[in-house]
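**Q**
Chains as they are written, first to last, in our numbering: chain V, 105 to 336; chain H, 52 to 276; chain D, 146 to 372.
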């Protein structure tokens, strides 16, 4: 089954093919092959070391595969970078600047002019654009929400979130889930790596189970073993 | 091209603003530079007749050590919250980031040199017997030579263990022709007995060659993971 | 291919023995320096072999950057390692020769100094390879090799000009060379080159096997641990 034949017949998708990522004697990904539909919220689960973060970073174009390919809408992750928003457990923000100053800088990287978009995005994560406090002094919940704001600043079609709810208070977590649901409903494709999958039950479209560097199962609900024949 | 220029400028101003807010990096570096000058003055008795001969070498070795201290913190802020990842996934060209960092380092090291040079002049009773104005291109070209490769190798060191020692370890061998040029040019200008033109031209060549190499290869090492 | 290795090893052993004989007995006595001069037959061929190996490293590094070919990276590593060894021989034999003949250990002789800088660059190359995470090492090392190659001509020019300002004794002298000495020199170079090739080949096979073992181990470890 050649990739080109597949993509010619179906709508554009996100696909990985025989993805291997090796770090010396350790393989974080061992031949992962999968296709993901657009407009869905996919939750990636698994134990530590299962390869979840590596898979996400490969989709973002941050981790270059030792072997295999990643195709985002038919392009490499680097080519599709305007369509991708990435967020990880570190905030990817400068601690010494305020939220608005941070977003102003990142807006320049995406050729976004003016402050309106930055303010709009900060408000959408329920934070105050006028807050002059440096990000380093935020609570974890606020910091993760500001990091999410940075990730969606350029209105990407695809969002890649690595442990967004880690150490976040329940209120902030619920706000973020509601925001993710709204974005998915508006047509965005979202990948969330998390250990707190229960937060996304009822919101997610599928749960992708990983173990030892491979995808072992893909289920519509939060119970393993309830899958159709879609396991890869 | 406009995107490169505007992002370089935005990044440079951001770095300057951040440095100005905390100022602890530059303050400690200034003090370190002062210490280096004083220790050199104790070690190489500035009253001796040969001081004019060796001052060129001493100054640039002192600048080199101060530069390494500055270069080692080039990417410190980007590392702290993995901000570098945010840059890598954006469409911004890698070279804009490199140029901004290199220019920022150039400014920082120039400030350190501006503090150390007068001190050396005082401690060693230096006077240029040759055309003193030529010291300016030597300083500019020499500083850029150290900073352009230093910023590049600092980025390479991000992917290694023992980051702080890796930077000088990589930088010093490659910088040998540049350091020799700076030292010889300074010595000749102070002694006033020959022309420093060859060394200035060699420095210029070095700068052109390695600035090109850094710009061509920075994306490769930034995206190495 | 496997049979060629022992054959080459035997040929190299013979060549080295013959070259040794030629250098120590056959070669004529040098007029001013006497027997000490015979170290010349080790000093110079080692330098040529080292430069050859570093050129191989540069070419392999460029090939790696263009094509991301893992074999090119292995060749780069191997040629750098063996090159540093031969370079060390040059730097050790230089002073050993200089001291009895000219009364000084070191001189900023253009060839010796360039060799020293090359040695420094490639030792830093090897340190970089050892200290970096193995998935990025090939790229970083290849880039450093290119920087080193760009540096060498600049080093050569700067020392050349420096020497015209501050003349110092030249080790290994310029000028014409007795044809019999040239013959011995070339025999030694041939023997050293074969030896270098042999060592590189063995090291390459070792490195390649190590990488294959790492890959198998990486892909198969934890296979037994299932739900």
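Yeah, the Cβ is synthetic: ideal placement off N, Cα and C, and Gly gets one too.
#1: Can you tell me which of 194/V, 256/V, 247/V, 191/V puts its alpha carbon nearest to the alpha carbon of residue 222/V?
#2: Find out if the Cβ-Cβ distance for the pair residue 301/V, residue 149/V is shorter than 7 Å.
#3: Please report the distance separating the alpha-carbon of residue 335/V from that of residue 320/V.
#4: Residue 257/H versus chain D: which residues are under 7 Å apart at the beta carbon?
#5: Beta-carbon separation of residue 235/D and residue 191/D under 7 Å?
#6: Count the other C-beta atoms from every protein chain shown that fall within 10 angstroms of the C-beta of residue 354/D, then say buried if there are 16 or more, exposed otherwise.
#7: Where do the ends of the beta strand (DSSP E) carrying residue 266/V lie?
#8: Per DSSP, which one or two residues make a beta bridge with residue 182/D?
#9: What residues in the region 118-129 of chain V have a beta carbon less than 9 Å from any beta carbon of chain D?
#10: Hey, is residue 195/V's beta-carbon within less than 7 Å of any beta-carbon in chain H?
#11: If we count Cβ pairs, one from each stretch, closer than 8 Å, do we get three or more for the region 57-66 of chain H versus the region 178-186 of chain V?
#12: Using a C-beta cutoff of 7 Å, does residue 132/H count as contacting chain V?
#13: Give every residue of the same chain whose Cβ lies closer than 7 Å to the Cβ of residue 84/H, excluding the five residues on either side of it in the sequence, and list them in chain order.
#14: Between the C-alpha atoms of residue 220/H and residue 322/V, what's the straight-line distance to the nearest angstrom?
#15: Return helix, strand or coil for residue 280/V, following the three-state DSSP convention.
#16: Would you call residue 122/V buried or exposed, if buried means 16 or more other Cβ atoms sit within 10 Å of its Cβ?
#17: Is it buried or exposed for residue 247/H, if we count other Cβ within 10 angstroms and need 16 for buried?
#18: Assign residue 303/D to one of two classes, buried (16 or more other C-beta atoms within 10 Å of its C-beta) or exposed (fewer than that).
#19: Alpha carbon to alpha carbon, how far is residue 232/D from residue 187/D?
#20: Check whether the Cβ atoms of residue 227/D and residue 265/D sit closer than 7 Å, and answer yes or no.
#21: Using C-beta distances below 7 Å, list every residue in its chain close to residue 161/H, excluding the 5 sequence neighbours before and after it, in chain order.
#22: Are the C-beta atoms of residue 142/H and some chain V residue less than 7 Å apart?
#23: Bridge partners of residue 208/H, per DSSP?
#24: Three-state secondary structure (DSSP) at residue 116/H?
#25: How would you list, in chain order, the residues of chain H whose beta-carbon sits under 7 Å from the beta-carbon of residue 296/D?
#26: For residue 121/H, tell me which candidate among 263/H, 112/H, 81/H has the shortest Cα-Cα distance.
#27: In whole angstroms, what separates the C-alpha of residue 387/D from that of residue 242/D?
#28: State the beta-bridge partners of residue 313/V as determined by DSSP.
#29: Pick out whichever of 279/V, 153/V, 191/V, 199/V has its Cα sitting closest to the Cα of residue 236/V.
#30: Using a beta-carbon distance below 7 Å, is residue 153/H in contact with chain D?
#31: Ignore the nearest five residues each way along the sequence and tell me which others in residue 226/V's own chain have a CB closer than 8 Å to its CB.
#32: Hey, residue 338/D and residue 157/D: beta-carbon distance below 7 Å or not?
#33: DSSP three-state label for residue 68/H, please.
#34: Using only CA atoms, which one of 134/V, 194/V, 314/V, 306/V lies nearest to residue 271/V?
#35: Whole angstroms is fine: what's the gap from residue 205/D's alpha carbon to residue 349/D's?
#36: Let me make sure I understand the geometry here. Which of 280/V, 286/V, 291/V, 315/V has the alpha-carbon closest to that of residue 191/V?
**A** Checking against the coordinates, here is how it stands:
#1: 256/V
#2: Taking a C-beta distance under 7 Å as the contact criterion, residue 301/V and residue 149/V qualify as a contact pair.
#3: With a pLDDT of 42 at residue 335/V, under the threshold of 50, the predicted position of this residue should be treated as unreliable, though the coordinate-derived value follows. C-alpha separation (whole angstroms): 6 Å.
#4: For residue 257/H, the chain D residues whose C-beta falls within less than 7 Å of its own C-beta are 299, listed in chain order.
#5: yes
#6: exposed
#7: 262-266
#8: Residue 182/D is not bridged to any residue.
#9: 124, 125, 126, 127, 128, 129
#10: Closer than 7 Å: yes.
#11: They do not touch, by the three-pair rule.
#12: yes
#13: 117, 163, 166, 167
#14: Answer to the nearest angstrom: the Cα atoms are 49 Å apart.
#15: Residue 280/V falls in the helix class under three-state DSSP.
#16: exposed
#17: So residue 247/H counts as buried.
#18: buried
#19: 11 Å
#20: no
#21: 194
#22: yes
#23: DSSP output for residue 208/H lists no bridge partner at all.
#24: helix
#25: Those are 225, 228, listed as they occur along chain H.
#26: Residue 81/H is the option with its Cα nearest to residue 121/H.
#27: Any property of residue 387/D remains undetermined from this structure, which presents chain D solely from 146 to 372.
#28: In the DSSP output, where bridge partners are listed per residue, residue 313/V has 149/V, 321/V.
#29: 199/V
#30: Not one chain D Cβ lies under 7 Å of residue 153/H.
#31: 203, 204, 207, 232, 233, 250, 253
#32: no
#33: helix
#34: 194/V
#35: Between the alpha carbons of residue 205/D and residue 349/D lies a distance of about 13 Å.
#36: 280/V
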